[in-house]
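Number of protein chains: 2
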Amino acid sequence: MALKLAKKGRGYVSPNPLVGAVIVKDGRIIGRGYHQRYGGNHAEINALKNASEDVAGSTLYVTLEPCCHEGKTPPCIDSITKNKIARVVIGTIDSNPLVSCQSINYLQSCGIEVKTGVLETECRNLNEVFFHFMETKLPFVTVKYAQTLDGRIATATGQSQWISSATSLKFTHKLRAAHDAILVGAGTVIKDNPELTVRLVRGRNPLRVIVDSALNIPGQSKVLQNLSKNKTIIATIKKAGDPQFQRLANLGAEIITIDADKQGNVDLKKLLELLAKRNISSLLIEGGAQIITSILINNLANRLVTIIAPKILGKGIEAVGDLKINNLDLAKKLSIRKIVRSGEDIIIDSRLTQIGN
Amino acid sequence: MALKLAKKGRGYVSPNPLVGAVIVKDGRIIGRGYHQRYGGNHAEINALKNASEDVAGSTLYVTLEPCCHEGKTPPCIDSITKNKIARVVIGTIDSNPLVSCQSINYLQSCGIEVKTGVLETECRNLNEVFFHFMETKLPFVTVKYAQTLDGRIATATGQSQWISSATSLKFTHKLRAAHDAILVGAGTVIKDNPELTVRLVRGRNPLRVIVDSALNIPGQSKVLQNLSKNKTIIATIKKAGDPQFQRLANLGAEIITIDADKQGNVDLKKLLELLAKRNISSLLIEGGAQIITSILINNLANRLVTIIAPKILGKGIEAVGDLKINNLDLAKKLSIRKIVRSGEDIIIDSRLTQIGN
Chain A
40 MALKLAKKGR
50 GYVSPNPLVG
60 AVIVKDGRII
70 GRGYHQRYGG
80 NHAEINALKN
90 ASEDVAGSTL
100 YVTLEPCCHE
110 GKTPPCIDSI
120 TKNKIARVVI
130 GTIDSNPLVS
140 CQSINYLQSC
150 GIEVKTGVLE
160 TECRNLNEVF
170 FHFMETKLPF
180 VTVKYAQTLD
190 GRIATATGQS
200 QWISSATSLK
210 FTHKLRAAHD
220 AILVGAGTVI
230 KDNPELTVRL
240 VRGRNPLRVI
250 VDSALNIPGQ
260 SKVLQNLSKN
270 KTIIATIKKA
280 GDPQFQRLAN
290 LGAEIITIDA
300 DKQGNVDLKK
310 LLELLAKRNI
320 SSLLIEGGAQ
330 IITSILINNL
340 ANRLVTIIAP
350 KILGKGIEAV
360 GDLKINNLDL
370 AKKLSIRKIV
380 RSGEDIIIDS
390 RLTQIGN
Chain B
40 MALKLAKKGR
50 GYVSPNPLVG
60 AVIVKDGRII
70 GRGYHQRYGG
80 NHAEINALKN
90 ASEDVAGSTL
100 YVTLEPCCHE
110 GKTPPCIDSI
120 TKNKIARVVI
130 GTIDSNPLVS
140 CQSINYLQSC
150 GIEVKTGVLE
160 TECRNLNEVF
170 FHFMETKLPF
180 VTVKYAQTLD
190 GRIATATGQS
200 QWISSATSLK
210 FTHKLRAAHD
220 AILVGAGTVI
230 KDNPELTVRL
240 VRGRNPLRVI
250 VDSALNIPGQ
260 SKVLQNLSKN
270 KTIIATIKKA
280 GDPQFQRLAN
290 LGAEIITIDA
300 DKQGNVDLKK
310 LLELLAKRNI
320 SSLLIEGGAQ
330 IITSILINNL
340 ANRLVTIIAP
350 KILGKGIEAV
360 GDLKINNLDL
370 AKKLSIRKIV
380 RSGEDIIIDS
390 RLTQIGN
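Just so you know, the sequences run in chain order A and B.
Counting the first sequence from 1 gives a position; this note's numbering is that position plus 39.
Counting the second sequence from 1 gives a position; this note's numbering is that position plus 39.
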């Protein structure tokens, strides 16, 4: 029930995690609450406030370890002790270094019984972006592409518009709105000239990040328009002073120089680290094949959203290039979270498992 | 209701079509029936026999045009007129040339009101193999393969066992049992040495057909064993007298010579025509990539069963090679019939639309 309550905050609490809480006394539910909006009360406080009777001696069920630090609101552990809660059942510990187990220790030192790790996987999945960002200092990376059933994202000559249906395009815009930033390679900008904004659904525009090692994108690219409203960062290996650098800088885009990787392209891990420092906790990668392959080979992808159009194209361009995998046992493993129909298409939403292997 | 009844015969009536019938009088259902087993009563007869009262003046609903020819049982149209049925509602006409609209004409000439084309698509889909076989004199071709989410059926070095799960292997055996014949290319026999029999589920073994233009498969191949029990046909462009022909013929396999296509390989359409003449109405193609590509490029595939393993392999071997399609609009279109989970895998069962285009 606490998990269900937590989900009601989706879309309103970011960058805070979703949290739900339930108070039980003598086998009866006497209070429920969830974190409703960023800056508002935490779930525990709402459950305490909503309680239908005195909570002394009751059990508090909460999806995430209560906080112990003064933030936008006072620490929850104080309210728990003050209200004489007897037992706290916690879904998962909070990996935020300001909390991480300190609250559990404090509650126990106050004589409160604490149990942790109940439905832990579900509680971690609920806030997968939050946990990944906290624990790795890297954005949670979603790779999204549309392919034919036989795995092609474009014809051999590069035609890719439109593989998927209008319904799936709307889905893509929804996905964009749910991410802090969106990233594509220069090739995609040159070939498709996308705007990379949220237009087909309501939602804020994510930061646009273009990986353009050689600074090749044309000045009239759509991603370089309306820069005052929608920000664009261009990541390159070129340094200020380079004429191409100057050309694009003059248009108002922010250009950041990143070290080159072994292949002489922008080192994507370093770029991700830099984005994380700018508080980008979730990043959507929309192509092309070179960026997707590079992200996968470097184990930087967390989630894969594959839109499958009910078509067979035959020879063409594949989303995923050479991952240097010569043994089936070493193929990257996915855990399927959801399969949905989207117009004529099928959307497979999965997570990469064994990341870092 | 007639459609539902018809489905109860699945697995028992082949090569006859599935048929269901319902008799309605004054708004009440007074009889139901379906074709229960090959050689047994037709659906209409069972519905008449099961009728709870006099059927005179009633309406007969039947998924397929009633028969007008003496087969294993007397013609159904005689029973319909004899029993004074007033109206017949037919799902779809029977494309069997012995029937095709003749029954409808006869019933009308007897003063019976006839309506056709009610839920026609559903009634045709119910017996898609039967209709295809009747109308084209070619087997209904199902192409089945297991791929990673990124469309690879093997590593670059050819390793393909096992991309899919044990559950999907069982599904494959079930699919085999439901087909009259199973076909693979010589490459698959040489590389994987499959037995191509039904072992993991109950069911009869389909005829095995090996396309081996140059007659290269080794004599100790599993498909050449137990030939007295499980028949194998090898299709080649070589003629009797060729030493390779003799080598394999000596092992007891039937070898048939087919004209070469433009590429110098067995002409698959001619092979399919020959199989149809031998009463093979359904053919399962299990690979490899060359055969699958050739079947698709020649518009000979009707159904595509794609097992998707939750893995990303990157560069490897794709199921579908060059189809000479350079424009997305010309990609082969699929109509998705079913998406099911099979262990960790996803099975997408689809039909190729616009066949012949």
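By construction, the Cβ of each residue, glycine as well, lies at the ideal position given by its N, Cα and C atoms.
Computed from a predicted model, the values in this text were never measured in an experiment.
Should residue i and residue j be called a contact, given that it needs their Cβ atoms to be closer than 7 Å?
i: A185 of chain A; j: S203 of chain A; result: yes
i: I273 of chain B; j: I294 of chain B; result: yes
i: E27 of chain B; j: I69 of chain B; result: As shown, chain B starts at 40 and ends at 396. That puts residue 27 of chain B outside it, with no answer to give.
i: V223 of chain B; j: E325 of chain B; result: yes
i: E167 of chain A; j: L42 of chain A; result: no
i: I276 of chain B; j: A292 of chain B; result: no
i: T102 of chain B; j: G156 of chain B; result: no
i: N410 of chain A; j: S199 of chain A; result: Summary: the structure shown does not reach residue 410 of chain A, with chain A confined to residues 40 through 396, and so no result is reported for it.
i: F169 of chain B; j: P56 of chain B; result: yes
i: S381 of chain A; j: T206 of chain A; result: yes
Can you give me the Cβ contacts of residue i inside the same chain, cut-off strictly under 6 Å, excluding the 5 residues immediately before and after it?
i: V153 of chain A; result: V127, I143, L146, Q147
i: G190 of chain A; result: E357
i: G173 of chain B; result: Contrary to the premise, residue 173 of chain B reads as Met rather than Gly in this sequence. Within the same chain, M173 of chain B has close Cβ partners S134, N135.
i: T227 of chain A; result: G326, G327
Which value, in whole angstroms, describes the spacing of the CA atoms of residue i and residue j?
i: V262 of chain A; j: L246 of chain A; result: 10 Å
i: T392 of chain B; j: S320 of chain B; result: 19 Å
i: R71 of chain B; j: G130 of chain B; result: 15 Å
i: H81 of chain B; j: Y51 of chain B; result: 13 Å
i: V359 of chain A; j: K268 of chain A; result: 33 Å
i: I132 of chain B; j: G48 of chain B; result: 19 Å
i: T271 of chain A; j: V248 of chain A; result: 6 Å
i: H212 of chain B; j: A253 of chain B; result: 28 Å
i: P54 of chain A; j: N85 of chain A; result: 19 Å
i: G258 of chain B; j: L287 of chain B; result: 7 Å
i: L165 of chain A; j: K46 of chain B; result: 43 Å
i: D251 of chain A; j: K372 of chain B; result: 35 Å
i: N318 of chain A; j: V237 of chain A; result: 20 Å
i: R215 of chain A; j: K183 of chain A; result: 10 Å
i: I221 of chain A; j: A279 of chain A; result: 24 Å
i: I336 of chain A; j: K316 of chain B; result: 51 Å
i: V344 of chain B; j: I330 of chain B; result: 15 Å
i: W201 of chain B; j: Q264 of chain A; result: 49 Å
i: T175 of chain B; j: I378 of chain B; result: 28 Å
i: G395 of chain A; j: N255 of chain A; result: With a pLDDT of only 45 at G395 of chain A, under the threshold of 50, the placement of this residue in the model should not be trusted, and no figure is reported.
So with CB distances below 8 Å, who are the chain B contacts of residue i?
i: A358 of chain A; result: D189
i: T424 of chain A; result: The structure shown has nothing for residue 424 of chain A, since chain A only spans 40 to 396.
i: S207 of chain A; result: Those within 8 Å of S207 of chain A in chain B number zero; the least Cβ separation is about 14 Å.
For residue i, go through chain A and note every residue whose CB falls closer than 7 Å to its CB, in chain order.
i: K13 of chain B; result: The structure shown does not extend to residue 13 of chain B, since chain B is modelled only from 40 to 396, so the question has no answer here.
i: T211 of chain B; result: Neighbours of T211 of chain B on chain A: none; closest Cβ ~17 Å, over 7 Å.
i: T160 of chain B; result: Neighbours of T160 of chain B on chain A: none; closest Cβ ~17 Å, over 7 Å.
i: Q329 of chain B; result: In chain order: nothing, as chain A lies at least about 12 Å away.
i: D361 of chain B; result: G353, K354
i: I378 of chain B; result: I378, I385
Identify the residues that DSSP records as bridge partners of residue i: which are they?
i: I34 of chain A; result: Nothing about residue 34 of chain A can be reported from this structure: the residues present for chain A run from 40 to 396 only.
i: Y73 of chain A; result: A:G59
i: L246 of chain B; result: B:A220
i: E357 of chain A; result: A:R191
i: V228 of chain B; result: Answer is none; V228 of chain B lacks a bridge partner.
i: D388 of chain A; result: A:V344, A:K377
i: L362 of chain B; result: Answer is none; L362 of chain B lacks a bridge partner.
Who are the Cβ neighbours of residue i in its own chain at under 7 Å, not counting the five residues just before and after it?
i: I347 of chain B; result: Q186, L188, D384, I385, I387
i: K111 of chain B; result: G78
i: N244 of chain A; result: T236, V237, N269
For residue i, collect the residues of the same chain with a Cβ closer than 8 Å to its Cβ; drop the 5 residues on either side in sequence, then sort them by chain order.
i: L339 of chain B; result: L177, V180, L307, K308, L311
i: C107 of chain A; result: P114, C115, I116, L137, V138, Q141, S142, Y145
i: R375 of chain A; result: In the sequence on display, residue 375 of chain A carries Ile and not Arg. Excluding positions up to five away in sequence, the list reads I387, D388, S389.
i: K64 of chain A; result: E92, V94, G96, S97, T98
i: A195 of chain A; result: K354, G355, I356
i: I62 of chain A; result: I68, I69, G70, R71, A86, L87, A90, V94, S97, T98, L99, Y100, I124
i: L322 of chain A; result: P178, F179, V180, T181, H218, D219, A220, I221, L222, V248, L311, L314
i: M40 of chain B; result: G59, V61, I68, R71, Y100
List the residues of chain A that residue i touches, going by C-beta distances under 8 Å, in chain order.
i: A398 of chain B; result: With chain B running from 40 to 396 in the structure shown, residue 398 of chain B is simply not present.
Can you pull the chain A neighbours of residue i, defined as C-beta to C-beta under 9 Å?
i: L335 of chain B; result: I351, G353
i: T345 of chain B; result: L188, D189
i: I324 of chain B; result: Result: empty, since nearest Cβ-Cβ is about 14 Å, beyond 9 Å.
Could you list which residues in chain B have their beta carbon closer than 7 Å to that of residue i, in chain order?
i: Q302 of chain A; result: Those do not exist, as Q302 of chain A stays about 16 Å from chain B at its closest Cβ, beyond 7 Å.
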